[in-house]
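Below you'll find the structure, written out as structure tokens, and then a few comments.
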Amino acid sequence: MSDEFGQEQAIRKLGPGKLVIASHNAGKVREIGELLAPHGIETVSASALDLPEPEETGTTFIANAELKAIQAADLSGLPALADDSGLCVDALNGDPGIFSARWAGPDKDFRLAMQKVWDAVEARGPDAGRDAHFVCALALAWPDGHVEAFEGRVDGTLIWPPRGHKGFGYDPMFQPLGHAISFGEMEPDRKHAMSHRADAFAKMVAAVF
Numbered sequence: 001m002s003d004e005f006g007q008e009q010a011i012r013k014l015g016p017g018k019l020v021i022a023s024h025n026a027g028k029v030r031e032i033g034e035l036l037a038p039h040g041i042e043t044v045s046a047s048a049l050d051l052p053e054p055e056e057t058g059t060t061f062i063a064n065a066e067l068k069a070i071q072a073a074d075l076s077g078l079p080a081l082a083d084d085s086g087l088c089v090d091a092l093n094g095d096p097g098i099f100s101a102r103w104a105g106p107d108k109d110f111r112l113a114m115q116k117v118w119d120a121v122e123a124r125g126p127d128a129g130r131d132a133h134f135v136c137a138l139a140l141a142w143p144d145g146h147v148e149a150f151e152g153r154v155d156g157t158l159i160w161p162p163r164g165h166k167g168f169g170y171d172p173m174f175q176p177l178g179h180a181i182s183f184g185e186m187e188p189d190r191k192h193a194m195s196h197r198a199d200a201f202a203k204m205v206a207a208v209f
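If you want it as structure tokens, here you go:
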């Protein structure tokens, strides 16, 4: 992180204690809680604190993660961690990208979202590739407005029909490179070891703990 003069500033450390997970997505809150458990962090979700969901007006994953984390930290008076993540499909020029949740509609129907993604790829013709990647941006904010951000990625291919019920979101249609099963078929511990969220977490843990 740099200051206004372009000089590198030390990354702020996070000590044991309570941390707000700035998300109303139960699957995401659970996964983040599992990743934080070994570090002495007690998590509480934004929904449990009845915090509002901000409008995601950023144009990047990190911008959206930062605005969610900063609002949650300001309203709760506690450090807050926000995640903004999504599926980026090469054949769709990176869509759904930062709009991944919106493709699921107001009811957060990811079966519908996966169908929309697959239909869009199929509409590109038989030569359209199936390459895709997940991106996860993590933003850690403190009540005084300080924020640190980290980004992770995992590459893979789209599969159809979707397989597995162990993940959430687009997991059942995403098969990571080097593996023969989808994220939806993977046991949580295995996914946590190599996912986009795990990649971002590894960078955050190395920096702030």
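For the sequence shown, the UniProt record's numbering begins at 1 and goes up steadily by one.
Beta carbons are placed, not taken as given, at the ideal position from N, Cα and C, and that holds for glycine.
query: Leu87 versus Gly15: straight-line alpha-carbon distance, rounded; result: 32 Å
query: C-beta atoms of Cys136 and Glu151 nearer than 8 Å; result: yes
query: Contact under 8 Å by Cβ, Gly40 with Ala91; result: no
query: C-alpha distance - residue 212 paired with His146, whole-angstrom precision; result: The structure shown does not extend to residue 212, since the chain is modelled only from 1 to 209, so the question has no answer here.
query: Euclidean distance between Cα positions of Arg190 and Gly167; result: 11 Å
query: Cross-strand partners of Asp84 (DSSP beta bridge); result: Ala137
query: Residue range of the unbroken alpha helix (DSSP H) whose run includes Pro188; result: Pro188 to His192
query: Where Glu4 sits in the DSSP three-state scheme; result: Below a pLDDT of 50, predicted positions are generally treated as unreliable, and Glu4, at 46, falls in that range; no measurement from the model is reported.
query: Neighbour-count burial assignment, Pro38, 16 or more Cβ in a 10 Å radius; result: exposed
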